[in-house]
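Undergrad: In terms of the working numbering, the sequence shown is residues 27 to 294.
By construction, the Cβ of each residue, glycine as well, lies at the ideal position given by its N, Cα and C atoms.
Note that the structure is a prediction, hence the values are computed from the model and not measured.
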Amino acid sequence: MTTGKIIRFEPRGPAGTGLVRWPDIPPEALAAGKPVQRGHVYFEDKASGLSTGVWDCTAMTGKLEPYAVNEFMIVLEGAVTIIDARDRAVTIKAGESFLIPKGLPCVWRQDGYMRKFFVIFDDASGKAPPDPAVLEVLRPDPQAALAPCDGPAPELLASPPPTQRDKQYFADLTGQWTVGVWDSTAYHRKTISFPRHELMHILEGAVTLTEEGGPGEKGYPQTFKAGDTFFVPMGTRCDWKSMGYVRKIYCIMQPKAAAGKKAKEAAE
27 MTTGKIIRFE
37 PRGPAGTGLV
47 RWPDIPPEAL
57 AAGKPVQRGH
67 VYFEDKASGL
77 STGVWDCTAM
87 TGKLEPYAVN
97 EFMIVLEGAV
107 TIIDARDRAV
117 TIKAGESFLI
127 PKGLPCVWRQ
137 DGYMRKFFVI
147 FDDASGKAPP
157 DPAVLEVLRP
167 DPQAALAPCD
177 GPAPELLASP
187 PPTQRDKQYF
197 ADLTGQWTVG
207 VWDSTAYHRK
217 TISFPRHELM
227 HILEGAVTLT
237 EEGGPGEKGY
247 PQTFKAGDTF
257 FVPMGTRCDW
267 KSMGYVRKIY
277 CIMQPKAAAG
287 KKAKEAAE
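#1: Considering L182, what are the terminal residues of the beta strand (DSSP E) in which it resides?
#2: Go ahead and pull the three-state DSSP assignment for G142.
#3: Could you give the DSSP three-state label for P53: helix, strand or coil?
#4: Closer than 8 angstroms is the cut-off here; do at least three beta carbon pairs connect the segment 75–82 with the segment 122–134?
#5: Quick one: what's got a C-beta closer than 6 angstroms to I21's C-beta in the same chain, skipping five residues either side?
#6: Taking just the CA atoms, how far does P259 sit from W208?
#7: Check P166 in the structure and name its three-state DSSP category.
#8: By the DSSP assignment, the beta strand (DSSP E) with T43 in it spans what residues?
#9: Please name the residue in A55, D148 and R64 whose C-alpha comes closest to that of G88.
#10: Would you kindly work out how many angstroms separate the C-alpha atoms of G177 and G152, rounded to a whole number?
#11: To which residues of the same chain is A57 closer than 6 angstroms at the C-beta, ignoring the five residues directly before and after it?
#12: Kindly confirm or deny that the segment 263–280 and the segment 209–225 touch, where touching means at least three C-beta pairs closer than 8 angstroms.
#13: Counting pairs of beta carbons, one from the segment 135–152 and one from the segment 185–194, are three or more of them closer than 8 angstroms?
#14: For F250, which option in L229, V101 and E238 has the closest C-alpha, if you only look at C-alpha atoms?
#15: Suppose the cutoff is 6 angstroms on Cβ atoms and the five residues either side in sequence are ignored; what does the same chain contact list for A111 look like?
#16: When you compare only the Cα positions, how much space is there between G231 and P52?
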């Protein structure tokens, strides 16, 4: 199982390092522009095909081709327009999030500089959508109406049980990678081994997560407020404590092998 520490995403990359120049986009993939791209990968799980970080790029227009990966993005600066094979155009601006499903035939067009957070699932299963024409750009609505969902198991709580709601916008063909909007009333969940990889972008409220320290060490608390983005790697030992209402956009990777192991352990 992958282990790690909770990562606070910085819009311009880690302090002291920032973003580094990435290889040029091949000319044969471009319809216009000579873009310069930079980035920083905050976390990568090669076994599951997951990577997440921050990226920026100067103006460019790509060629119409199937999108090679599933990718969730939060635009930090600038804007991008995605044009599909039916000439439908969707423009996403700073402060908005969107998702491009693997296999969507589309053109990536940005008329100027753009910067984004990203979560990529490079699915190696070989599964393909039966009809790519039905695929489309998805834009999670921060104010979407949510439906009741299950909360933490009672034995994991150090507080009264919360009321929680959710709306899932996307699940990939393997059922491992999901994107949605979630909210909850205040609660305190005890320290657990986090069962999945998850990027969270706080829309309302605040939450403090305290990582379990090593022998003789104190826990390391981090507080995330509205506008903050952070990533919890699977296997991280931490709790969750919110003093009031919290609403977030999430992007979850639950590898099937890990999910199967968890189910088996619960049955024993």
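TA: Checking against the coordinates, here is how it stands:
#1: First-last for L182: undefined, no H or E at that position.
#2: Residue 142 is actually Lys in this sequence, not Gly. Here K142 sits in strand by DSSP.
#3: Per DSSP, reduced to three states, the secondary structure at P53 is helical.
#4: They do not touch, by the three-pair rule.
#5: The displayed coordinates of the chain run from 27 to 294. Any statement about residue 21 would go beyond what the structure contains.
#6: Rounded to whole angstroms, W208 to P259 spans 19 angstroms at the Cα level.
#7: Three-state DSSP puts P166 in coil, outside helix and strand.
#8: Where T43 is concerned, there is no enclosing beta strand (DSSP E), given that its DSSP letter is neither H nor E.
#9: The candidate whose alpha carbon is nearest that of G88 is A55.
#10: When rounded, the distance between both Cα atoms is 34 angstroms.
#11: The answer, listed in chain order, is T87 and K89.
#12: A contact exists between the segment 263–280 and the segment 209–225.
#13: With the cut-off at 8 angstroms, the segment 135–152 and the segment 185–194 do not touch.
#14: Of the candidates L229, V101 and E238, the residue whose Cα lies closest to the Cα of F250 is L229.
#15: Around A111: P131.
#16: The C-alpha of P52 is placed about 43 angstroms away from the C-alpha of G231.
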